[in-house]
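Trainee:
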Amino acid sequence: MNKRYILVVGLLLLAAIGYIIFEKVYYWPPDMDPEAIKEIAYSDLKEQAPQLLQDRYKQPYQKEFSQLEILDVKKLGEKTYLVFKLDYEMVGGHYDYIEKYDIGSRGYLLGLRLVEKTWKGITIKPGMDFQTSYVGVGPVDCGYHPDQGIIYGYCKDPRTAKMVLGRAEGDPITILPDNRVFMADVPRKIADLDLHFFNDQDIEMEMSYNLRVAFVTEDNGVLEQYTNTPLEWWTVNSDDLPDLSPDAIDAVWIFPDQYRKTLNNHIPVLKQLALEGIPVLFIGATDTASVLKSFSIDKPAPPKSSDPVEALYIASEDDNTLKSGLVLLNDTLISPLVETSMALKYKQPVLLEPRKDLLKDPDNNPKADSIPITKTNTSRIKY
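For my numbering, count along the sequence shown from 1 and bump the result up by 368.
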């Protein structure tokens, strides 16, 4: 009896070990459609968000969940992978280099996961992820899994049309995005990734470290309030507008001293810039109807608001038409002009959502003493 018992236990143990080894080695492809996989993955990853955003270095601020998107589900070879983007905000404490401006206080985690079938449905297996921000360096944030031979990326700049992966050995690999997402099989354990990104005109897209803004003004008096703003900016006059390349700038801010010349002479240039993804902001605009008429936008002027107007913007819609809107002095946004420019450039409405730390702690709002734009007193406005 004891021998039989030991034999049964041994067989069961052997079967369990064999099953574990089989599970580790063999891959069960999911038999669900991508939308069903996205739904399950969303629930699982949202539950994991606090752990994914945990800061190992114990900084005085926290990363707080904002939103989650399952960007793509794709079969590569015999396996199915997904790419997700988890937006977060930095709240609490003091982060000196980004405390005054909202440029760096919102970021996202970009991750790759393997999807596998189980007896209960599917499982989202651990993969790789990294944290980044909406501005800085390249138009695309990319991750490379050397053991799996998978490269994935999210096109911060929606104009990105292709990625070329150069290699020390072998021909370059061209990868096309699908709905702003790259995900492709590439050789494993590439020593040096050499990535280049191009727009739909096959022009290589430049790297940058901040939002690049052309200030259209000849009034040096308006510049003082922007000297401590984290932008790459330079001044031009309205006659320089035709020389601006959409691949070298992220936004155009037009100041009142250049309104007349711009509206009289350069509307076609501004229309083209806006349609190519470069938002155009008229700073301190009061006569919004005349600006919209100049752009032939067949929509009523933006509704009046009790909040002071900082600017009127012209930008592109997804259907390649123009839209307009107001930038208001909003106390839940630390830098409305910068944040609106970013949101329009990168087509990311999440950037314009109220900052959670400011909603929780109004006394910590650096814009609390800001005043409306007027013709006689603009020097104290904070951006």
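Ideal Cβ positions, reconstructed from N, Cα and C, are used throughout, including at glycine.
Using a Cβ distance threshold of 8 Å, determine whether the segment 404-423 contacts the segment 500-514, with at least three qualifying pairs required.
Mentor: no
Trainee: Can you give, in chain order, each stretch of the alpha helix (DSSP H) that sits fully within the segment 674-716 and has at least 4 residues?
Mentor: For the segment 674-716, whole alpha helix (DSSP H) runs of length 4 or above, ordered along the chain, are 704-714.
Trainee: Whole angstroms is fine: what's the gap from A711's alpha carbon to D525's?
Mentor: 11 Å
Trainee: Work out the CA separation of F583 and E537 for me, nearest whole Å.
Mentor: 44 Å
Trainee: Specify the secondary structure class of L561 as computed by DSSP and reduced to three states.
Mentor: If DSSP states are grouped into helix, strand and coil, L561 belongs with coil.
Trainee: On the three-state DSSP scale, how would you describe L381?
Mentor: helix
Trainee: For G589, which of helix, strand or coil comes out of DSSP?
Mentor: helix
Trainee: Beta-carbon separation of V483 and L533 under 7 Å?
Mentor: no
Trainee: Measuring alpha carbon to alpha carbon, tell me which residue in E415, V659, Y502, I646 is nearest Y627.
Mentor: V659
Trainee: For D464, which three-state DSSP category applies?
Mentor: Because D464 sits at a pLDDT of 47, beneath the cut-off of 50, its placement in the model cannot be relied upon, and the following sentence gives the value as read from the coordinates. If DSSP states are grouped into helix, strand and coil, D464 belongs with the helices.
Trainee: Could you pull out every residue in the same chain whose Cβ sits closer than 7 Å to the Cβ of D464, ignoring the five residues on either side in sequence?
Mentor: Reliability of the predicted coordinates at D464 is poor, the pLDDT of 47 falling under 50, and no value is obtained from them.
Trainee: Determine the extent of the beta strand (DSSP E) in which Q569 is found, giving its start and end residues.
Mentor: No beta strand (DSSP E) contains Q569, which DSSP labels as neither H nor E.
Trainee: Please report the Cβ distance between I438 and K406, rounded to the nearest whole angstrom; I am assuming they are in contact, meaning their Cβ atoms lie under 8 Å.
Mentor: 4 Å
Trainee: Roughly how many angstroms separate the alpha carbons of P614 and L643, rounded to a whole number?
Mentor: P614 and L643 have their alpha carbons spaced roughly 10 Å apart.
Trainee: Where does the unbroken beta strand (DSSP E) through Q430 begin, and where does it stop?
Mentor: 430-444
Trainee: Does the contact criterion of 3 or more C-beta pairs under 8 Å hold for the segment 516-525 versus the segment 428-435?
Mentor: no
Trainee: Identify which residue in V677, I646, G645 has its Cα closest to the Cα of T656.
Mentor: V677
Trainee: Cα separation between Y594 and S501?
Mentor: 22 Å
Trainee: Within the same chain, show all residues whose beta-carbon is closer than 8 Å to that of T528, passing over the 5 residues directly before and after it, in chain order.
Mentor: P507, V508, P545, R548, F565, F566, N567, M573
Trainee: Taking the CB atoms as reference points, tell me whether L599 and L612 lie closer together than 7 Å.
Mentor: no
Trainee: I'd like to check one pair, L631 with S664: are the Cβ atoms closer than 7 Å?
Mentor: no
Trainee: Give the straight-line distance between the Cα atoms of L381 and M458, rounded to the nearest whole angstrom.
Mentor: Distance between the alpha carbons of L381 and M458 is about 49 Å.
Trainee: Could you check what DSSP says for L421 in three-state terms: helix, strand or coil?
Mentor: coil
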